[in-house]
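Quick notes on the structure that follows.
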Amino acid sequence: MCGIVGYAGNRDALSIIIGGLESLEYRGYDSAGVSVLEAGAIETTRATGKLSELKKVLSTKKRNGTASLGIGHTRWATHGRPTETNAHPHTAGRVSLIHNGIIENYLPLRAMLEGKGCVFLSETDTEVAAHLLNTLLAEGLEPLDAMREMCSKVKGSYAFLAIDSNNPDRVLVAKNSTPIIIGRGDEENLIASDIPAVLQHTRRILVLEDGDLAEVTASSVYIENGGKQVSRTEETISWDPITAQKGGFKHFMLKEIHDQARVVGDTLRGRISEHDASVKLPELDALRGKASSLKRIVMVACGTAWHACLEGKFFIEEFAGIPCEVDYASEFRYRSRLIDSDTLVIAVSQSGETLDTLGALECAAGKGPTLAICNVVGASICRKAEMVMYTHAGPEISVASTKAFTTQLVALQLLALFLAEARGTMSAAARRNVLHAVLELPAALSQTLKVDSEVAVVAKKFFQARDFLFLGRGRCYPIALEGALKLKEISYIHAEGYPAGEMKHGPIALIDENMPVVMILQREKPLFEKTLSNLKEVEARGARVIVVTDASEEDLKGVATQGLIRVPFVSSELSPILLNVPLQMLAYHVAVLNGTDVDLPRNLAKSVTVE
Ligand code: M6R
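Be aware that the sequence shown starts at 285, since it is given in the working numbering, and climbs by one per residue.
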């Protein structure tokens, strides 16, 4: 996601800010910018692409002395394309401002500000905050009062940093649901979205909490919350910078697994309206009118995203009653395709650059409506599709996809509810039930993440196995496929995912005491009993069974296993999302024990741009 760095001190703010942003580069971004106060005036420089591009522009600029105060940003596009005008900082009058997060009510705010004569230059949600703050300062409010007032008007998540040319000694800060830290130095203070950005200069860190506002000068840090001054405990960071980039985790994959509870909140943010039990997806307005006439949906994707589509088929068929087909993008491209104007083609991709998925979408272009479900804003697949729904998982660095998959499932669940509402296939009461469960997901995921140490114990028992079998039925079959893919891609152990009920038609011949079988056992009836029978079948043939389940202790009485991992139950539809998490952890721990390169497994690339 986007990176933030601010500085107030006595040294060259520009080089410190750029250095800080460089240490956040691993997070991924598509444009960058800085604003510094030079000789009392705000000097802003922005560029698309990498920081090296920004540095090139800066090197051609004449500077008015050295700046000792400033803010800088690396932007990972959410609202508006990755262009120079959309890059942060955004300037309005005497204010320059950067923002991480999403302002949900930016459209009415923008209309209100335009009514007052403010001229907007970008497509971003952030620019409203710059104009609001400038307007409030111009009305005579003190800087922190203006910041407090501005924050009371915006809805959504934010970490804001702003500078005001009339108050050149301070950086204004506000935080809500988006991380921000302050690094304390000697006669200097730094502000950043992540700890690595300040570690070169200080290890003394204050972590701000939601609702905190701060005014940071070279020699002071004032923090308030709810209108009252508060203090935040100073922590001393002992991590090395590389570990710090990984948020203290040993690998990006582990960090991204643990990011899931938070990023699902980002996928949902602003998209659920509880009072009328509806899903707000303005980006799909064009689909609302067509929803009733849709006769078929074809989903195309590769790898993990293809597994997400298999799960999405359950959601869409069940809620919206539209028959769905799921195709490997590489297969779809080279067979006869019966697509007409009543067929919606959905391409699902984390990167938005996978060549096969892009090719499949090209085959569908012009025949019927097309939709991309994607994580990376402005990627090729997004530009090719008629409509785009973003998953907001943030940059995924590890080759093995984890949080992107989880957010794809959540996005597909929202899409299914959106289509159900548009087609009238679900009552408001039924939608409300599902939405209640959806809103519980971030907390349930946090709870699920606690099974990590139990999974590590199971991994220790089985990491030397040559083969693994993952079995599941119904909604748990795609999860079995995903569990097997994750294990094989990072541990190089042969693994297969199979529908548990299909075992007896052949693969059961593989079962012996050397074969660990991971059984994904959903509590939903009647598949619970059916899967349990399949478990007995493999157990009877000597398999070593690991059960991953959301069933209650009571239901599991008498089920003997060599490893039992239980996750919370939220709803039958959403169970697969939680049941998948221990499988990600299992793959991770087995790979670590086998000493493979977890984040960069052999022969694989993060985005596959070849056929
Ligand atoms: O970027 P995409 O979602 O289009 O990528 C598709 C696959 O290449 C990807 O999911 C791949 O299977 C992952 N390495 C799985 O962890």
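Each residue gets a CB set at the ideal place from its N, CA and C atoms; glycine is no exception.
All values reported here derive from a predicted model rather than from experimental measurement.
Quick check on residue i: buried or exposed, where buried means 16 or more other Cβ atoms within 10 Å of its Cβ?
i	result
Lys668	buried
Tyr618	exposed
Leu391	exposed
Glu499	buried
Gln529	buried
His383	buried
Leu811	buried
Leu622	exposed
Gly650	exposed
Arg347	exposed
Val403	exposed
Thr520	exposed
Glu595	buried
Ala413	buried
Glu680	buried
Residue i lies in the beta strand (DSSP E); which residues open and close that run?
i	result
Ser515	That residue, Ser515, is in no beta strand (DSSP E); it is neither H nor E in DSSP.
Asn509	505 to 509
Ile849	847 to 850
Val491	488 to 491
So, residue i versus residue j, is the Cβ gap smaller than 8 angstroms?
i	j	result
Thr328	Ser315	no
His374	Asp409	no
Val493	Asn473	Residue identity differs from the one stated: residue 493 is Glu in this sequence, not Val. For Glu493 and Asn473, no; Cβs fall outside 8 angstroms.
Gly847	Lys745	yes
Ile464	Ile479	no
Glu808	Ser856	yes
Ile302	Val318	yes
Val582	Asp626	no
Ile386	Ser436	no
Thr815	Ala764	no
Leu642	Ser614	no
Leu552	Val694	yes
Leu863	Met803	no
Ala712	Asp560	yes
Please report the residue range of the alpha helix (DSSP H) in which residue i lies.
i	result
Ile387	From DSSP, Ile387 is part of no alpha helix (DSSP H) but of the beta strand (DSSP E) over 379 to 387.
Met710	Element bounds for Met710: n/a, residue is neither H nor E.
Ser315	That residue, Ser315, is in no alpha helix (DSSP H); its beta strand (DSSP E) goes 315 to 322.
His542	536 to 552
Met787	No alpha helix (DSSP H) holds Met787; DSSP gives it neither H nor E.
Ile259	Residue 259 lies beyond the residue range present for the chain, which begins at 285 and ends at 895; the question has no answer from this structure.
Tyr390	390 to 399
Skipping 5 residues on each side, what residues in its chain have a beta carbon closer than 6 angstroms to that of residue i?
i	result
Lys400	none
Asp496	Lys459, Ile507, Asn509
Ile554	According to the sequence displayed, residue 554 carries Gly and not Ile. Closer than 6 angstroms at the Cβ level, and outside the excluded window around Gly554, lie Glu388.
Lys439	Glu388, Asn389
Asn451	Pro427
Phe598	Arg759
Pro726	Ala545, Val548, Gly549
Gly265	For the chain, the structure presents residues 285 to 895; residue 265 sits outside this window and is missing.
Thr823	The question names Thr, yet the displayed sequence has Glu at residue 823. If we look at Glu823 and ignore the five residues flanking it on each side, its Cβ neighbours are Val829.
Glu609	Val582
Please list, in chain order, all residues of the same chain as residue i whose beta carbon is under 7 angstroms from its beta carbon, the five residues on each side excluded.
i	result
Glu724	Val854
Arg454	Ala292, Pro427, Glu499, Val500, Thr501
Leu888	Val683, Glu773
If you draw a straight line from the alpha carbon of residue i to that of residue j, how long is it in whole angstroms?
i	j	result
Lys574	Arg359	34 angstroms
Leu696	Ile630	10 angstroms
Glu337	Leu698	38 angstroms
Cys658	Ser817	38 angstroms
Gly781	Arg516	48 angstroms
Leu421	Glu433	10 angstroms
Glu601	Leu483	50 angstroms
Gln806	Pro866	14 angstroms
His535	Ala871	13 angstroms
Ala489	Leu456	According to the sequence provided, residue 489 is Ile. The question's Ala does not apply to it. Distance between the alpha carbons of Ile489 and Leu456 is about 17 angstroms.
Ser635	Lys345	35 angstroms
Arg378	Ala688	39 angstroms
Gly531	Lys539	7 angstroms
Lys890	Glu407	29 angstroms
Val661	Gly790	44 angstroms
Tyr761	Ala585	17 angstroms
Leu628	Ala589	17 angstroms
Leu794	Leu571	47 angstroms
Ile729	Gln692	Per the sequence shown, residue 729 should be read as Leu rather than Ile. So the two alpha carbons sit approximately 15 angstroms from each other.
His873	Gln731	19 angstroms
For residue i, I'd like the list of residues in its chain whose CB is within less than 8 angstroms of its CB, leaving aside the five on either flank, ordered along the chain.
i	result
Asp796	Arg825, Gly826, Ala827
So that I know if they touch, is there some Cβ in chain B lying closer than 8 angstroms to that of residue i?
i	result
Gly349	Of the chains in the structure shown, none is chain B; there is only one protein chain.
Are there any heavy atoms of the ligand COA lying less than 7 angstroms away from the beta-carbon of residue i, as far as the coordinates show?
i	result
Gln544	Looking at this structure, you won't find the ligand COA anywhere; what it does contain is the ligand M6R.
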